[in-house]
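J.: Once you've had a glance at the structure underneath, I'll fire off some questions.
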Amino acid sequence: MLTPGSTGSAKAVCLRHEQILTACRGKLPHMPLAPGDVVLNWIGLDHVGSLMELHLTAMIAGCDQIQVATTEVIMDPLLFLRLLSKHKVARTFAPNFMLAKLQQILDSDAGSDTSDIDLGHLLYLVPGGEPNALETCVQINNHLQKLGAPTPNTITPGFGMTETCAGAIYSRDCPNVDLATGTEFTALGTCVPGIEMRVSEGSLEVRGPIVFQRYFNNAEATKAVFTNDGWFRTGDTATIDESSVLRLVGRSKDLIVNGVKYLPHELETAIEQAEIAGVALSCVVCFAYRPAHATTEHVQIVYERAYDAYDTEARAQPRVLPLAPGVLERSTLGKLARAKVRASLLKGDYEGEIDVNTEVLEKYREQHASQPSSITEKILIEVFRELELGSLNMGIDTPILDTGVTSVDLIRIKRVAQDTFDIKDIPLITIMTNTTIRTLATAIEDLQVSQAQRTTSYDPIVTLQPNGDKSPLFLVHPGIGEMLVFLGLVQYFPDRPIHAMRARGLNKGEQPFTSQEEIVTEYHRALKNKQRKGPYALAGYSYGSMIAFEIAKLLEKNGDTVQFLGSFNLPPHIKTRMRTLDWSAGMVHIAHFCSIITEQPSEELMHELRPLPHEQQVALLLAESDPQRCAELALTQAGLHNWTDVSWSLQKIGWHYEPSGDVSHMDIFYCQPLKSVAKNRVEYRKDHLNH
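The sequence shown begins at 361 in my numbering and counts up one residue at a time.
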């Protein structure tokens, strides 16, 4: 049987008689069926779910079967429920898009006409094919019970692939087990007889008589998916809890855009649940896409529109491609295949839609964008165009961070603006705190007039996002002192203000901190000035976890409530790590952060650097770095030297730090470590994080 190909090219899976019989018999202990029970299937028998999950399993159990044409059910979801009622069906199947259609109808006026439906025999409704949103399952379960379903756990999520003869892992406690943990997607349950599972460095692997042995005529693909000890790599990332319950985290080939990982199914589900007017139900696809001449991939959203072709406001969303009804093709199971949609986009199949979309949006932006009125504003607009940031019709009130700028882009803006306006130094803080062309132009004009006399007092807080109705989030910088690393987080928290701490000493005339007490006092003062009353939410990255921990202690000591305390990559126990670093290592870390040198050459270079005076170390490192990258960032010898001095002063403060006392709670987040720290995430957690 063919794999669906929703995440790549379809492959032919060789399924053996023994494997099929073991799989079908293994499903029954999780969802028992008695002779005479009725199973209903409406999916084509070319799909492994309908053939194995329903048809053959029903034969082994001695059940009656009802086979219904797919189009009949899709066109009338209430007919599906009436057929379940009429034939007293015990088990059936409904993928995500059908659950969404059912919920939409049952929530509407049309759903009130269900007095003739009795689901008193329905024991199992198995969704499948992709992660199931908990909210949808809860709502559907409630509707099913109102229609007579005999148990509160009729919805039975599971995990299966063509390679495992469809479902091989099921959850029989949905939604209760998920409501207790507060997860967004449902758990997938435990293994049926004939299969076992494990998670190796985050990746889900399975083995057993239910699992296939080879792809037809594709030895290379077969070899690639099996480990040396015989486990099948499913391609999913997952966790298994203490009760042996499986939960998926994502696909191993998730989207990586500007160093940030996106989970396509989470984005698709969020768009579906937002119930955006004009987006057709269950017709959203998300994938990575690199437009012609672009330097990085973007997150591309393709959806079927449910509005007039020239409705401008509905189209005015970034990197979203609305398609006419009927263009998106579905698999047998009703899934939208990301790989095929992406291939169609790359082949140019959607060029007509893209041209219409571009034309409509360009006209709209021309009419509505705030035009520059001063010379400075006009020049800044040209600077952004030269750097290929924002759109051609970017207005002076367009938030700069909304254009997708990265921390490196901000440094590029700084360099080009300094050259263009003949200003010796535009502090990076000026660009970060003036978030539109209009306000940045005013700040630059102020610099031009009074730079010689201008003095600014140090303020550690940089506001990355000013708006939102939830508690502000305060972020404390890592050991390099800069907070640019947090820019990527902003887009994930549109509902709350985000402020970041920046170390003293990075701007001209500032003196670096000399003690932990000085840092905590200064940051606590700034935090209270920005937010007078709690509850507070704060987090620190690496070195910053120490500072965040101490600030949280001080807040709680004074009677304030700390609602969230996060520690990114290191708990507050940083002394050992800080003592492994010296001035040279700090400089190399900054070079990594700026991507002017890679990790491997820097390890080899370290032996040459350490014996030299600091000035010569900086000169040697820059000589071995990417000159174009250094020019883009305007990273000079003096600038790198000062930045390293600030970082070194922070590292020395951490040499003797021993965390003491306690806070009400703390969440630790960790990722792939540097090679010099640990070989992998498993070793990092086991040997470095388990304090």
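Virtual Cβ for every residue (Gly too), placed ideally from N, Cα, C.
By the three-class DSSP mapping on this structure, what secondary structure does residue 938 have?
T.: Walking along the sequence shown from the start, residue 938 turns up at place 578. In the structure shown, residue 938 sits in a helix (DSSP, three-state: H, G or I).
J.: Does DSSP classify residue 861 as helix, strand or coil?
T.: Residue 861 sits at position 501 when you count from the first residue of the sequence shown. In this structure, residue 861 counts as strand in the three-state DSSP scheme.
J.: Considering only the beta carbon of each residue, do residue 566 and residue 557 sit closer than 7 angstroms?
T.: Residue numbering aside, residue 566 sits at position 206 when the sequence shown is read from its first letter. Residue numbering aside, residue 557 sits at position 197 when the sequence shown is read from its first letter. Yes, the pair counts as a contact, with Cβ atoms nearer than the cut-off.
J.: Tell me the residue span of the alpha helix (DSSP H) that contains residue 445.
T.: Counting from 1 along the sequence shown, the entry for residue 445 is found at position 85. Start and end: 437-446.
J.: Taking 7 angstroms as the threshold (C-beta atoms), are residue 646 and residue 628 in contact?
T.: Within the sequence shown, the letter at position 268 stands for residue 628. Within the sequence shown, the letter at position 286 stands for residue 646. At the C-beta level, residue 628 and residue 646 come within 7 angstroms of one another.
J.: Smallest Cα separation from residue 735: which of 1000, 757, 798 and 791?
T.: By 1-based counting over the sequence shown, the position of residue 735 is 375. For residue 735, the closest of 1000, 757, 798 and 791 by C-alpha to C-alpha distance is 798.
J.: Check residue 405 in the structure and name its three-state DSSP category.
T.: One-based indexing of the sequence shown puts residue 405 at position 45. DSSP places residue 405 in coil when its eight states are reduced to three.
J.: Determine the DSSP secondary structure at residue 836, reduced to helix, strand or coil.
T.: Within the sequence shown, numbered from 1, the residue matching residue 836 stands at position 476. Residue state, collapsed to three classes: strand.
J.: For residue 400, tell me which candidate among 362, 484, 468 and 573 has the shortest Cα-Cα distance.
T.: Counted from its first residue, the sequence shown places residue 400 at position 40. Nearest C-alpha to residue 400: 484.
J.: In chain order, what residues of the same chain lie with their CB nearer than 6 angstroms to the CB of residue 599, ignoring the 5 residues before and after it?
T.: In the sequence shown, residue 599 corresponds to position 239, counting from 1. Cβ within range, chain order: 607.
J.: Distance check for residue 756 and residue 835, CA to CA, integer angstroms please.
T.: Here residue 835 corresponds to residue number 475 of the sequence shown, with the count starting at 1. Here residue 756 corresponds to residue number 396 of the sequence shown, with the count starting at 1. Taking the straight line joining both Cα atoms gives about 28 angstroms.
J.: Comparing C-alpha positions only, which one of 902, 707, 641 and 626 sits nearest to residue 492?
T.: Against the sequence shown, residue 492 aligns to sequence position 132. Closest by alpha carbon: 626.
J.: How is residue 831 classed by DSSP in three states: helix, strand or coil?
T.: Position 471 of the sequence shown, counted from the start, is the residue given in the question as residue 831. Looking at residue 831 - three-state DSSP - the assignment turns out to be coil, as it is neither helix nor strand.
J.: Near residue 405, what residues of its chain come up, given a Cβ to Cβ distance below 6 angstroms and the 5 sequence neighbours on each side ignored?
T.: Residue 405 sits at position 45 when you count from the first residue of the sequence shown. Around residue 405: 411.
J.: Whole angstroms is fine: what's the gap from residue 999's alpha carbon to residue 1005's?
T.: Taking the first residue of the sequence shown as 1, we reach residue 999 at position 639. Taking the first residue of the sequence shown as 1, we reach residue 1005 at position 645. Roughly 10 angstroms separates the two Cα atoms.
J.: Which runs of the beta strand (DSSP E) at least 3 residues long sit entirely within the region 847-915? Give them in chain order.
T.: 858-861 and 896-901
J.: Straight-line CA distance for residue 1003 to residue 560?
T.: For this step, residue 1003 is matched to residue 643 along the sequence shown. For this step, residue 560 is matched to residue 200 along the sequence shown. Looking at the two C-alpha atoms, the distance is approximately 39 angstroms.
J.: Just to confirm, are residue 409 and residue 547 a CB contact at a threshold of 7 angstroms?
T.: Position 49 of the sequence shown, counted from the start, is the residue given in the question as residue 409. Position 187 of the sequence shown, counted from the start, is the residue given in the question as residue 547. Their beta carbons are not under 7 angstroms apart, which means residue 409 does not touch residue 547 by this criterion.
J.: Tell me which residue opens and which closes the alpha helix (DSSP H) that residue 743 is part of.
T.: Numbered from 1 along the sequence shown, position 383 holds the residue referred to as residue 743. Segment 735-746, the alpha helix (DSSP H) holding residue 743.
J.: Taking the C-alpha atoms as reference points, what is the distance between residue 947 and residue 966?
T.: Residue numbering aside, residue 947 sits at position 587 when the sequence shown is read from its first letter. Residue numbering aside, residue 966 sits at position 606 when the sequence shown is read from its first letter. Rounded to whole angstroms, residue 947 to residue 966 spans 10 angstroms at the Cα level.
J.: Quick one: using the 10 Å Cβ neighbour count with 16 as the cut-off for buried, is residue 712 buried or exposed?
T.: Locating residue 712 in the sequence shown gives position 352, counting from the first residue. Result: exposed.
J.: Give the list of continuous alpha helix (DSSP H) stretches no shorter than 4 residues that lie fully inside the region 447-535.
T.: 456-467 and 494-506
J.: Ignore the nearest five residues each way along the sequence and tell me which others in residue 619's own chain have a CB closer than 6 angstroms to its CB.
T.: Sequence index remark: in the sequence shown, residue 619 carries index 259 (1-based). With a pLDDT of 40 at residue 619, under the threshold of 50, the predicted position of this residue should be treated as unreliable, though the coordinate-derived value follows. Closer than 6 angstroms at Cβ, skipping near neighbours: no residue.
J.: Strictly by DSSP, which residues pair up with residue 599?
T.: Counting from 1 along the sequence shown, the entry for residue 599 is found at position 239. Paired residue(s): 607.
J.: Just curious, the alpha helix (DSSP H) that residue 628 is in, first and last residue?
T.: Here residue 628 refers to the residue found at position 268 when the sequence shown is read from its first residue. 624-633 is the extent of the alpha helix (DSSP H) around residue 628.
J.: Under the three-state reduction of DSSP, which class applies to residue 549: helix, strand or coil?
T.: As a first step, residue 549 is located in the sequence shown; it is residue number 189 there, counting from the start. It is a strand residue.
J.: Assign residue 576 to one of three DSSP states: helix, strand, or coil.
T.: On the sequence shown, residue 576 is found 216 positions in, with the first residue counted as 1. Annotated three-state conformation of residue 576 is coil, per DSSP.
J.: Indicate the three-state DSSP secondary structure (helix, strand or coil) for residue 994 in the structure shown.
T.: Position 634 of the sequence shown, counted from the start, is the residue given in the question as residue 994. Correct three-state label for residue 994: coil.
J.: I'd like to check one pair, residue 553 with residue 531: are the Cβ atoms closer than 7 angstroms?
T.: To locate residue 531, count along the sequence shown from 1; it is residue 171. To locate residue 553, count along the sequence shown from 1; it is residue 193. Going by C-beta atoms, residue 531 is not nearer than 7 angstroms to residue 553.
J.: Across which residues does DSSP place residue 560 in a beta bridge pair?
T.: Counted from its first residue, the sequence shown places residue 560 at position 200. DSSP lists 563 as partners of residue 560.
J.: Taking residue 925 as part of the alpha helix (DSSP H), name the residues at either end of that continuous run.
T.: What you label residue 925 is simply residue 565 of the sequence shown in a count that begins at 1. Here residue 925 belongs to no alpha helix (DSSP H); instead the beta strand (DSSP E) covers 922-928.
J.: Relative to the alpha-carbon of residue 970, which residue among 944, 630 and 981 has its alpha-carbon at the smallest distance?
T.: Along the sequence shown, read from residue 1 onward, the residue named residue 970 stands at position 610. The shortest Cα separation from residue 970 among 944, 630 and 981 belongs to 944.
J.: What's the gap between the Cα of residue 373 and the Cα of residue 592?
T.: Against the sequence shown, residue 373 aligns to sequence position 13. Against the sequence shown, residue 592 aligns to sequence position 232. Their Cα atoms are separated by approximately 13 angstroms.
J.: Using 8 angstroms as the threshold, is the region 462-480 in touch with the region 379-389, meaning 3 or more CB pairs across them?
T.: They do not touch, by the three-pair rule.
J.: Going by DSSP in three states, residue 425 sits in which element: helix, strand or coil?
T.: The residue given as residue 425 occupies position 65 in the sequence shown. In the structure shown, residue 425 sits in a strand (DSSP, three-state: E or B).
J.: May I ask you to list the residues that DSSP assigns as paired with residue 646?
T.: As a first step, residue 646 must be located in the sequence shown, where it is residue number 286. Beta-bridge pairing links residue 646 to 661.
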